[in-house]
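**Q**
In this note's numbering, the protein residues as written are -14 to 103.
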């Protein structure tokens, strides 16, 4: 449960909170809270959620609930090699999710340009 986060966001509306959670159970509640509180920004995936299936599922849910109002991936890597690996690994998992979202926009008749994607 993320009641503590709800209390924190409500109690300090002028403070921006960057949050990521570990539990898959908490991912949905985190998205709901991010919609309710403008001072809550979902920030990447925890290192232990760095499995392609988890990245895909979490990113899909976040896109559906928040649009692009979240940071898909971040890194606290202390070594450049870790950062390069994590970004390449995450891009492989996120690419099909983003492609599916863009396909849905096109199918709905949204005029999508290269600038929109960038």
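Here a beta-carbon is modelled for each residue, glycine too, at the ideal position from N, C-alpha and C.
Of the residues 49, 90, 75 and 33, which one's Cα is nearest the Cα of residue 58?
**A** It is 75.
**Q** Hey, residue 53 and residue 27: beta-carbon distance below 8 Å or not?
**A** Their beta carbons are not under 8 Å apart, which means residue 53 does not touch residue 27 by this criterion.
**Q** So, with DSSP's three-state summary, where would you put residue 33?
**A** If DSSP states are grouped into helix, strand and coil, residue 33 belongs with the helices.
**Q** Considering only DSSP beta bridges, list what residue 3 is partnered with.
**A** Residue 3 is bridged to 26.
**Q** Which residue wins for smallest C-alpha separation from residue -13, given the options -3, 51, 101 and 5?
**A** The shortest Cα separation from residue -13 among -3, 51, 101 and 5 belongs to 5.
**Q** Consult DSSP for residue 53 and reduce its assignment to one of helix, strand or coil.
**A** It is coil, neither helix nor strand.
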